[in-house]
Amino acid sequence: MLFNKKAARRRRDIKKRGVDTVTNDADPWVADPDTWRNEPDRWVDQSNPDLWLDLSASSTSTPAPSGSAAFVMQHAPNTSTNLLALGSITYPSSPVIKPASLSPRNQVLLDDLISKCHPASVLLAHRFTIPCNGTAKRKVTTKKSIPLGDLDTLPIASRAHPKREAIVMDCEMVSLSGGRPELAFVTALDFLTGEILINHYVQPRGEVISWNTRYSGVTRQAMNEAMRTGKGLRWEEARDRLRNFADSDTVLIGHALYNDLNVLRFTHLRIVDSSILTCDAVFPDHPVEKSVPRIWGLKTLTKELLGYAIQGSKLGHCALEDTRATRELVMLCLEDPKKVQHWGIKTRELEEWLREERERKQEENRKAREEEAAKLRAETEEKERRERE
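Numbered by full-length UniProt numbering, the letters in the sequence shown go through residues 1 to 389 in order.
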């Protein structure tokens, strides 16, 4: 198996320190189950638990029945950690299964939710940035966007430290110099239970040129008060809060979630986006690699599918209200797909009618312009003829 760029850099660093490479891809090391104990993201030496094989460089945190994965051999006496080797490992059959702690209803919901996770091609078409071979990848656009340089992934899933199965989230943003969006408020709920996990102001990391209060609901006074009373978070603290609740196996849910992940500087693969689910209901045959004709706003979807109004305050959006609406929308997609499908058919018919109306009006306007131009030419020619006479 080829090393990704990050692993290759680690291997070069090891050689610079004068540490020999114990194994490599051409001569893989085979884990002896009598010597090594399998954990979700590593193999631990049963005689020396401070020595382990870290599988975090692998493409998956859960070992397959058999195969190879990039690994880092590590030794952690006391508090120090020393890299010893990079290479590949062939592991025996030992699937990792999370303990069943969900109610039957929530387990069904979770299974359905996981089945709705969007493939990478769809995420790229909808402007998401995805992790790819140790780096970040996204579809190139002509619009301004946040650079890829400092994107992080969530912690590797570990059976020893289980996190939430699914989290629905929403962020509110303000604008810094140059129009760059910056995180100002973050809300996260447990999707299965509705429990509020995070609901905090986040101090911007630069000079705010626009608080976008009409949309963000954030004001300078509210931000200052939150930070003064200790109810606000700094940017890295907000990211740490999310890391406390989510890992690589957690399904992240949102509406146009790429915006939220961008300002949090995270990239993730297990995504369910209510804007994509509803868009697919309207355009089920649209090619996944192409941009969709339209995305419906959360306010419109909540009104048409859930039957109530949000974002009606003159003080701006409420992240908690938006997050709860997103959760209900995704729940509806899972529990009553026929209703969403019926809405999609009606909306598609309306979109087609609106498109035909636009084309008809455009054709009428074109003909009117041509007739006006022809009339003007005729008048000009008549005037010139009279002048010649």
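Quick reminder that beta carbons are idealized off the backbone N, C-alpha and C, glycines included. Note that the structure is predicted; figures quoted are calculated from it, not measured.
Strand pairing of residue i, partner residues [DSSP]
i           : result
residue 219 : Bridge partners of residue 219: none, in fact.
residue 182 : 174
residue 166 : 251
residue 272 : 253
residue 152 : 266
Three-state class that DSSP yields for residue i in the structure shown
i           : result
residue 262 : helix
residue 197 : strand
residue 313 : coil
residue 189 : strand
residue 206 : coil
residue 112 : helix
residue 233 : strand
residue 121 : helix
residue 347 : helix
residue 353 : helix
residue 332 : helix
residue 292 : coil
residue 283 : coil
residue 159 : coil
residue 379 : helix
residue 321 : helix
residue 298 : helix
residue 102 : coil
residue 212 : coil
residue 387 : helix
residue 238 : helix
residue 246 : coil
residue 226 : helix
Residue i CB to nearest heavy atom of the ligand ATP below 6 Å
i           : result
residue 371 : As for the ligand ATP, it is missing from this structure, which has no ligand bound.
Buried versus exposed, by CB contacts within 10 Å (16 or more), residue i
i           : result
residue 323 : buried
residue 129 : buried
residue 340 : buried
residue 201 : buried
residue 434 : With the chain covering only 1 through 389, there is no way to say anything about residue 434.
residue 131 : buried
residue 378 : exposed
residue 369 : exposed
residue 302 : buried
residue 313 : exposed
residue 121 : exposed
residue 262 : buried
residue 196 : exposed
residue 160 : exposed
residue 187 : buried
residue 103 : exposed
residue 304 : exposed
residue 216 : buried
residue 211 : buried
residue 315 : exposed
residue 300 : exposed
residue 383 : exposed
residue 350 : exposed
residue 374 : exposed
residue 380 : exposed
residue 376 : exposed
7 Å Cβ cutoff, residue i in contact with chain D
i           : result
residue 193 : Chain labels in this structure do not include chain D; a single protein chain is all it has.
Cβ contact (3+ pairs, closer than 8 Å) linking the segment 253–268 and the segment 224–234: Too few Cβ pairs lie closer than 8 Å, so no.
Any 3 or more C-beta pairs closer than 8 Å across the segment 291–303 and the segment 203–215: no
The segment 171–187 contacting the segment 269–284, beta-carbon criterion three pairs below 8 Å: no
Touching by the beta-carbon criterion (3+ pairs, under 8 Å), the segment 341–359 and the segment 279–291: yes
Sufficient close CB pairs (3 or more, under 8 Å) joining the segment 162–175 to the segment 187–202: The segment 162–175, when compared against the segment 187–202, does touch it at the 8 Å Cβ threshold.
The segment 304–314 in contact with the segment 322–337 per 3-pair CB rule at 8 Å: yes
Segment contact, 8 Å Cβ cut-off, at least three pairs: the segment 108–124 with the segment 170–177: These segments do not touch.
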